[in-house]
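Asks:
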Amino acid sequence: MPSDPSTRFLDFDLEIGFGADRAYPVTVLYSPAGEARGVMRFPADDRTLTSVLANLRTALLDSDHQRRAAPSPGQRAVREFGQALFDALFTGEVRSRYDVSQQQAANADVGLRLRLRIRPPELAVLPWEYLYDAREGDYLCLSRNTPIIRYPELPQAVQPLPVVKPLRILGVVAAPRDLPALDVGQEQARIGRALASLQAGGQVHLTWLAESTVRALQQALRAGPWHIFHFVGHGGFDSASDEGFVVLTNDTGQSQPLFATQLARLLADQRSLRLVLLNACEGSVSSEHDIFSSVAAILTRRGMPAVLAMQDVITDQAALEFARAFYEAVADGLPVEAAVSEGRKTVSLVVGNTVEWGTPVLTMRAPEGTLFAVNAGPVAVTPPVEAEKRGSAEDVLPALQAPRPGPIAAHWLEMVSPRSHTAAAPARIAFDWVEIPAGPFWMGSDKQKDEETSEHELPQHRVTLGAYRISRAPVTVAQFAVFVQATGYVTTAEKEGWSHVWTGSKWKQVKSASWRAPRMPGSDVEQKGQHPVTCVSWMDALAFCAWAGVQIPSEAEWEKAARGADGRVYPWGNEAPDGRRCNFGVDDGDTTAVGSYPMGASAYGVLDMAGNVWEWTRSAWGQQWDKPDFAYPYNARDGREELSRTDLRRVLRGGSWHNGSNNVRSALRYRGSPSSRSCDVGFRVTSS
Numbered sequence: 000m001p002s003d004p005s006t007r008f009l010d011f012d013l014e015i016g017f018g019a020d021r022a023y024p025v026t027v028l029y030s031p032a033g034e035a036r037g038v039m040r041f042p043a044d045d046r047t048l049t050s051v052l053a054n055l056r057t058a059l060l061d062s063d064h065q066r067r068a069a070p071s072p073g074q075r076a077v078r079e080f081g082q083a084l085f086d087a088l089f090t091g092e093v094r095s096r097y098d099v100s101q102q103q104a105a106n107a108d109v110g111l112r113l114r115l116r117i118r119p120p121e122l123a124v125l126p127w128e129y130l131y132d133a134r135e136g137d138y139l140c141l142s143r144n145t146p147i148i149r150y151p152e153l154p155q156a157v158q159p160l161p162v163v164k165p166l167r168i169l170g171v172v173a174a175p176r177d178l179p180a181l182d183v184g185q186e187q188a189r190i191g192r193a194l195a196s197l198q199a200g201g202q203v204h205l206t207w208l209a210e211s212t213v214r215a216l217q218q219a220l221r222a223g224p225w226h227i228f229h230f231v232g233h234g235g236f237d238s239a240s241d242e243g244f245v246v247l248t249n250d251t252g253q254s255q256p257l258f259a260t261q262l263a264r265l266l267a268d269q270r271s272l273r274l275v276l277l278n279a280c281e282g283s284v285s286s287e288h289d290i291f292s293s294v295a296a297i298l299t300r301r302g303m304p305a306v307l308a309m310q311d312v313i314t315d316q317a318a319l320e321f322a323r324a325f326y327e328a329v330a331d332g333l334p335v336e337a338a339v340s341e342g343r344k345t346v347s348l349v350v351g352n353t354v355e356w357g358t359p360v361l362t363m364r365a366p367e368g369t370l371f372a373v374n375a376g377p378v379a380v381t382p383p384v385e386a387e388k389r390g391s392a393e394d395v396l397p398a399l400q401a402p403r404p405g406p407i408a409a410h411w412l413e414m415v416s417p418r419s420h421t422a423a424a425p426a427r428i429a430f431d432w433v434e435i436p437a438g439p440f441w442m443g444s445d446k447q448k449d450e451e452t453s454e455h456e457l458p459q460h461r462v463t464l465g466a467y468r469i470s471r472a473p474v475t476v477a478q479f480a481v482f483v484q485a486t487g488y489v490t491t492a493e494k495e496g497w498s499h500v501w502t503g504s505k506w507k508q509v510k511s512a513s514w515r516a517p518r519m520p521g522s523d524v525e526q527k528g529q530h531p532v533t534c535v536s537w538m539d540a541l542a543f544c545a546w547a548g549v550q551i552p553s554e555a556e557w558e559k560a561a562r563g564a565d566g567r568v569y570p571w572g573n574e575a576p577d578g579r580r581c582n583f584g585v586d587d588g589d590t591t592a593v594g595s596y597p598m599g600a601s602a603y604g605v606l607d608m609a610g611n612v613w614e615w616t617r618s619a620w621g622q623q624w625d626k627p628d629f630a631y632p633y634n635a636r637d638g639r640e641e642l643s644r645t646d647l648r649r650v651l652r653g654g655s656w657h658n659g660s661n662n663v664r665s666a667l668r669y670r671g672s673p674s675s676r677s678c679d680v681g682f683r684v685t686s687s
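Reminder that position 398 of the sequence shown reads as 397 in numbering that gives the first Met the number 0, one-by-one numbering, no gaps.
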């Protein structure tokens, strides 16, 4: 649990039991002040309740209007209902225990967490998030000291999951053609903007599912681990089956309801998953006959530690501000209930005169809201070590060979870092690492299995590597910008004044094209923070790595991470590429955000190793274009991993958005001079 007192809580567990004639037994199951019993007399009959809920909906819809200086009639009605609800719930001995518990929490400089166990389904559907204490003059849940949690009675207990940043978020936007339109790109861009600073700082990593079918979701989940599942789309409640649902799409783009039980079946096996966020209307609405009928409740019953769902409509601005503040707090290690309070507070302050902050409902089964034991990751990179020589036919390579750079390369590196490239440098960016285990793999191609094999990929042979880590995605624009801002580094393209750009019919040297303007002068990367950085040379990549304390992968490291140990043709297997697995074959296209194609993940879960951008490796090709000086079999000790020679072309891997299926094969070798750069070339990094 975090040490900051403002993120620690005492619990006030309150259960509302079954009753009759609007009278319900209330029990303080646990509190710092002891237990108590009482009776809540519900403050509204059916007609009045219907009117109050209608006023709530009106107040929520009013949030689309301009801000007003005074609360609207609907907002005043919501506050009056929240006050009546508070006074009915906290009465007699129950209120006494609550007040004493509040005082004890204040004395201990901690919060008081209100955990509601509401057994009657007809009460569970009410918006308890609007409880209003007139003595304090505010709603309880707008303070981080008094969060409100729906806490169903379940036997399971959940411990915090140790996580090294970044928190990995799988995002899905479902926009069926036969339902009111959702601008998928706009929705993703909004959330991307909300999380941009967190992603640039390495606190979270957001991956968007390229398509919203059940099949695609199932495949993406297998490419985990995932820590948070974020859904944006339509939802509802089916009275015939007494069950809530979210709406995905079928293969033709039409709506396909996914009922809560089915969604729970998909997510339940993800043991690393700690939080589900459903930005879909009525995601927390349940039946008046079954408290476990909402999507949120069913997911909780199936073992999900925490579910954050919407009990009514919410505007885009409110959802954006809530998501930004919520994820910032979670990434900082706050308990989820405190993070929800931070999100609510932000909506109330930034969006203004609105009651939308009460729309999110937190249902939780974890005894503590600290779902993640977040670590910042390593603060230093261990210097590479020489691998012991093995007396076998197979060459055992060190996980990361770091030959000392020669005079030219060393001078280049000294411009951004005074320390040697082989020295241990502080880790300045938190990368999303994937562990690649030690062992052999098949390198190169087999003509019998891949008819597009080229002579440069022959012969196929076994190579054994030690264990190493590789970044799950290429280096992004946001990460490269941090490097440039910290060092003032000027790239090759900026120095020489041009970069190669695809014009739609041919490659052309375009003046002023660089990583900041990768398409042409006037283009920019303002909305491309999570796209791979492009127009970077091999020398630029080397400089970035020297500063960040990492390396460019060797050919062997790149290929093993891409194709696993079984010699598959593509990262996902031997099936031909398509638009669901990678970004390729588009002459007038562009890069996509990293992680946009989880269905194209490699056997180890590494993303974007086919298409999107070519990736530099540190391995040398040779001086000639058509014939490699460093052919196969691969031998790391024959000079191909030397960084000192800037006269040698270097190997690129993976293909790009511009290339066809042949060039996105995992074994294909391409080459470029160390100073070459274009709008379809980037890089990723490795570490010991």
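Glycine included, every Cβ here is placed at the ideal spot set by N, Cα and C.
Would you call D607 buried or exposed, if buried means 16 or more other Cβ atoms sit within 10 Å of its Cβ?
Replies: The sequence position of residue 607 within the sequence shown is 608, counting from 1. Result: buried.
Asks: When the Cα atoms are used, what is the spatial distance from S595 to A105?
Replies: Translated into the one-based positions of the sequence shown, residue 595 becomes position 596. Translated into the one-based positions of the sequence shown, residue 105 becomes position 106. Their backbone Cα atoms lie some 46 Å apart in a straight line.
Asks: Quick check on L689: does DSSP put it in helix, strand or coil?
Replies: With the chain covering only 0 through 687, there is no way to say anything about residue 689.
Asks: Beta carbon of L13, beta carbon of L130: below 8 Å?
Replies: Here residue 13 refers to the residue found at position 14 when the sequence shown is read from its first residue. Here residue 130 refers to the residue found at position 131 when the sequence shown is read from its first residue. No. Outside cutoff.
Asks: What does the Cβ neighbour count give for V535, buried or exposed, with the cut at 16 atoms within 10 Å?
Replies: The count along the sequence shown starts at 1 and reaches residue 535 at position 536. Classification for V535: buried.
Asks: Does DSSP classify T475 as helix, strand or coil?
Replies: As a working mapping, residue 475 is identified with position 476 in the sequence shown. Strand.
Asks: To which residues does DSSP link S254 through a beta bridge?
Replies: By one-based count along the sequence shown, residue 254 stands at place 255. Paired residues: T248.
Asks: Is the separation between the beta-carbon of Y669 and that of W613 shorter than 8 Å?
Replies: Start at 1 with the first residue of the sequence shown, and residue 669 comes out as number 670. Start at 1 with the first residue of the sequence shown, and residue 613 comes out as number 614. Yes, they are a contact pair.
Asks: Can a CB atom of chain B be found closer than 8 Å to the CB of V680?
Replies: You won't find chain B in this structure, because it holds only one protein chain.
Asks: Sort out for me which residues DSSP pairs S498 with in a bridge.
Replies: Here residue 498 corresponds to residue number 499 of the sequence shown, with the count starting at 1. DSSP output for S498 lists V509 as bridge partner(s).
Asks: If we ignore side chains and look at the alpha-carbon of each, how far apart do G671 and L642 end up?
Replies: Position 672 of the sequence shown, counted from the start, is the residue given in the question as residue 671. Position 643 of the sequence shown, counted from the start, is the residue given in the question as residue 642. Going by the C-alpha atoms only, they are around 15 Å apart.
Asks: So is T704 buried or exposed if we call it buried at 16+ other beta carbons inside 10 Å?
Replies: Past the edges of the chain, shown from 0 to 687, lies residue 704, and the structure says nothing about it.
Asks: When the Cα atoms are used, what is the spatial distance from F17 to R40?
Replies: Taking the first residue of the sequence shown as position 1, residue 17 is located at position 18. Taking the first residue of the sequence shown as position 1, residue 40 is located at position 41. Straight-line Cα distance between these residues: approximately 12 Å.
Asks: Is P691 buried or exposed, if buried means 16 or more other CB atoms sit within 10 Å of its CB?
Replies: This structure cannot settle anything about residue 691, because the visible part of the chain is limited to 0 through 687.
Asks: Judging by CA-CA distance, which residue of L257, G200, L348 is the nearest neighbour of Q316?
Replies: The residue given as residue 316 occupies position 317 in the sequence shown. Per the Cα distances, L348.
Asks: Based on DSSP bridge pairs, tell me the residues matched to V612.
Replies: Locating residue 612 in the sequence shown gives position 613, where the first residue counts as 1. The partner list for V612 (beta bridge, DSSP) is empty, contrary to what the question assumes.
Asks: Specify the secondary structure class of N278 as computed by DSSP and reduced to three states.
Replies: Against the sequence shown, residue 278 aligns to sequence position 279. Note: N278 maps to strand in three-state DSSP.
Asks: Just verifying my parser: in three-state terms, what is the DSSP assignment at H229?
Replies: For the purposes of this step, residue 229 is taken as the residue at position 230 of the sequence shown. Here H229 sits in strand by DSSP.
Asks: At the level of alpha carbons, what is the spacing between L208 and V231?
Replies: What you label residue 208 is simply residue 209 of the sequence shown in a count that begins at 1. What you label residue 231 is simply residue 232 of the sequence shown in a count that begins at 1. So the two alpha carbons sit approximately 11 Å from each other.
Asks: Quick one, are the C-beta atoms of G443 and L457 less than 8 Å apart?
Replies: If you number the sequence shown from 1, residue 443 lands on position 444. If you number the sequence shown from 1, residue 457 lands on position 458. Yes.
Asks: Restricting to runs no shorter than 3 residues, where is the beta strand (DSSP E) found entirely within the segment 21-52?
Replies: List check, beta strand (DSSP E) in window: 22-29, 35-40.
Asks: From G521 to L9, what distance separates their C-alpha atoms?
Replies: The residue labelled residue 521 in the question sits at position 522 within the sequence shown. The residue labelled residue 9 in the question sits at position 10 within the sequence shown. Approximately 55 Å between the Cα atoms of the pair.
Asks: Is I168 near L205, with beta carbons less than 8 Å apart?
Replies: As a working mapping, residue 168 is identified with position 169 in the sequence shown. As a working mapping, residue 205 is identified with position 206 in the sequence shown. Contact: yes.
Asks: Let me make sure I understand the geometry here. Which of V483, H229, S293, N278 has the alpha-carbon closest to that of T260?
Replies: On the sequence shown, position 261 is the one that residue 260 refers to. The shortest C-alpha separation from T260 is found at S293.
Asks: Exposed or buried, Q74, counting other C-beta atoms within 10 Å across all chains shown (16 or more means buried)?
Replies: As a position in the sequence shown, residue 74 is number 75, starting the count at 1. Its Cβ being crowded by 16 or more others within 10 Å, Q74 is buried.
Asks: Roughly how many whole angstroms lie between the Cα atoms of S416 and L194?
Replies: Taking the first residue of the sequence shown as position 1, residue 416 is located at position 417. Taking the first residue of the sequence shown as position 1, residue 194 is located at position 195. Here S416 scores only 40 on pLDDT, less than 50, and its place in the model should not be relied on; the value that follows carries that caveat. If I take the Cα positions, the gap works out to 29 Å.
Asks: Is it buried or exposed, N582, if we count other Cβ atoms within 10 angstroms and call 16 or more buried?
Replies: Stepping through the sequence shown from its first residue, residue 582 is reached at position 583. Flag for N582 reads buried.
Asks: By DSSP, does Q103 sit in helix, in strand, or in coil?
Replies: Your numbering for residue 103 matches position 104 in the sequence shown. In the structure shown, Q103 sits in a helix (DSSP, three-state: H, G or I).
Asks: Leaving out the 5 sequence neighbours to the left and right, which residues in its chain are closer than 8 Å to L28 when beta-carbon positions are compared?
Replies: Counting from one through the sequence shown, the residue named residue 28 turns up at place 29. Taken in chain order, the residues that qualify are D12, L13, E14, E34, R116.
Asks: Within the same chain, show all residues whose beta-carbon is closer than 6 Å to that of E413, passing over the 5 residues directly before and after it, in chain order.
Replies: For the purposes of this step, residue 413 is taken as the residue at position 414 of the sequence shown. Any reading at E413 needs caution, since the residue's pLDDT is 44, under 50, leaving its predicted position unreliable; the model's value is listed next. Same-chain partners within the cutoff: there are none.
Asks: The alpha helix (DSSP H) that contains M519, what's its start and end?
Replies: For the purposes of this step, residue 519 is identified with residue 520 of the sequence shown, where counting begins at 1. From DSSP, M519 is part of no alpha helix (DSSP H); its letter is neither H nor E.
Asks: Less than 8 Å between the CB atoms is what I'm expecting for G578 and A609, so what's the real figure, rounded?
Replies: For the purposes of this step, residue 578 is identified with residue 579 of the sequence shown, where counting begins at 1. For the purposes of this step, residue 609 is identified with residue 610 of the sequence shown, where counting begins at 1. Actually they are not in contact, since the Cβ atoms of G578 and A609 sit about 12 Å apart, beyond 8 Å.
Asks: Quick test of the definition: if touching needs 3 or more C-beta pairs under 8 Å, does the segment 471-478 touch the segment 486-496?
Replies: Judged by Cβ distances under 8 Å, the segment 471-478 makes no contact with the segment 486-496, as fewer than three pairs qualify.
Asks: What residue range is occupied by the uninterrupted beta strand (DSSP E) comprising A305?
Replies: In the sequence shown, the residue the question calls residue 305 occupies position 306. That run of the beta strand (DSSP E) goes 305-309.
Asks: Quick one: residues in its chain with C-beta nearer than 8 Å to the C-beta of L141, no 5 flanking neighbours on either side, listed in chain order?
Replies: By one-based count along the sequence shown, residue 141 stands at place 142. These residues qualify, in order along the chain: S340, R343, K344, S347, W356.
Asks: Please state whether the Cβ-Cβ distance between W432 and S100 is less than 8 Å.
Replies: To locate residue 432, count along the sequence shown from 1; it is residue 433. To locate residue 100, count along the sequence shown from 1; it is residue 101. No, the pair does not count as a contact, with Cβ atoms beyond the cut-off.
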